[in-house]
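Chemist: Sending over a structure as structure tokens; questions will come in a sec.
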Amino acid sequence: RLAFFYDACDGPPALRRVLRDVVEGCPGLEELAVAGMDWLSAGEACLAALTEYGEAPLPGLKRLELAGCEALLHGDATSSFARLVVARPGLALRITARPTPNLDW
């Protein structure tokens, strides 16, 4: 489980870099939960990290959970996540939208 915190002074956290490191360093990962997706580009950053190495990163991943006030995906990110799920028929995707930021703390 990873949790991120958006700070008004420091800006968004390095979600893409952290997730990219997870993809590279944990190929046997079966479950991944990402909380604190509370800024507009969080979904795109998550998607970019998970698809940077092709449509089926983390071959053992069975469950992906996204939570935050911006966890609901918009525009191109929605169809890109749909392609990720289609490419991984055994992958369960759970998205929990929070009404306001920083409720995961």
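Taking the working numbering as reference, the numbering of the sequence shown is continuous, increasing by one, and the terminal residue is 1571.
Beta carbons are placed, not taken as given, at the ideal position from N, Cα and C, and that holds for glycine.
1) By how many angstroms is the C-alpha of Gly1556 removed from the C-alpha of Arg1486?
2) Look up Asp1487 in the DSSP assignment and give the residues it is bridged to.
3) Just checking Asp1473 against the ligand SAH - is the residue's beta carbon closer than 7 Å to any of the ligand's heavy atoms?
4) Measuring CB to CB, does Gly1526 end up less than 8 Å from Asp1504?
5) Tell me the rounded alpha-carbon separation between Cys1492 and Leu1524.
6) Quick one: what's Gly1477 bridged to in DSSP?
7) Hey, out of Leu1498, Glu1490, Ala1508, whose CA is closest to Pro1478's CA?
8) To the nearest angstrom, how far is the alpha carbon of Arg1529 from that of Ala1480?
9) So Glu1497 is in the beta strand (DSSP E); what residue range does that whole segment cover?
10) Quick one: measure Cβ to Cβ for Val1551 and Leu1539, integer angstroms, because I've assumed they're closer than 8 Å.
Modeler: To lay it out plainly:
1) Working through the sequence shown from its first residue, we reach residue 1486 at position 20. Working through the sequence shown from its first residue, we reach residue 1556 at position 90. The alpha-carbon atoms of Arg1486 and Gly1556 are separated by roughly 21 Å.
2) By one-based count along the sequence shown, residue 1487 stands at place 21. BP columns for Asp1487 are empty, so no partner.
3) As presented, the structure is devoid of all ligands, the ligand SAH included, so that no description of it is given.
4) Residue mapping note: residue 1526 aligns to position 60 of the sequence shown, counting from 1. Residue mapping note: residue 1504 aligns to position 38 of the sequence shown, counting from 1. Not closer than 8 Å, so no.
5) As a working note, residue 1492 is residue 26 in the sequence shown. As a working note, residue 1524 is residue 58 in the sequence shown. Near 8 Å, if we compare the C-alpha coordinates of Leu1524 and Cys1492.
6) Reading the sequence shown from its first residue, position 11 is the one you call residue 1477. Answer is Asp1473.
7) Counting from one through the sequence shown, the residue named residue 1478 turns up at place 12. Looking at the Cα atoms, Ala1508 is the closest of the given residues.
8) In the sequence shown, residue 1529 corresponds to position 63, counting from 1. In the sequence shown, residue 1480 corresponds to position 14, counting from 1. If you take the alpha carbons of Arg1529 and Ala1480, they lie about 22 Å apart.
9) Here residue 1497 refers to the residue found at position 31 when the sequence shown is read from its first residue. Where Glu1497 is concerned, the enclosing beta strand (DSSP E) stretches over 1497-1501.
10) Translated into the one-based positions of the sequence shown, residue 1551 becomes position 85. Translated into the one-based positions of the sequence shown, residue 1539 becomes position 73. Not a contact, Cβ separation roughly 11 Å.
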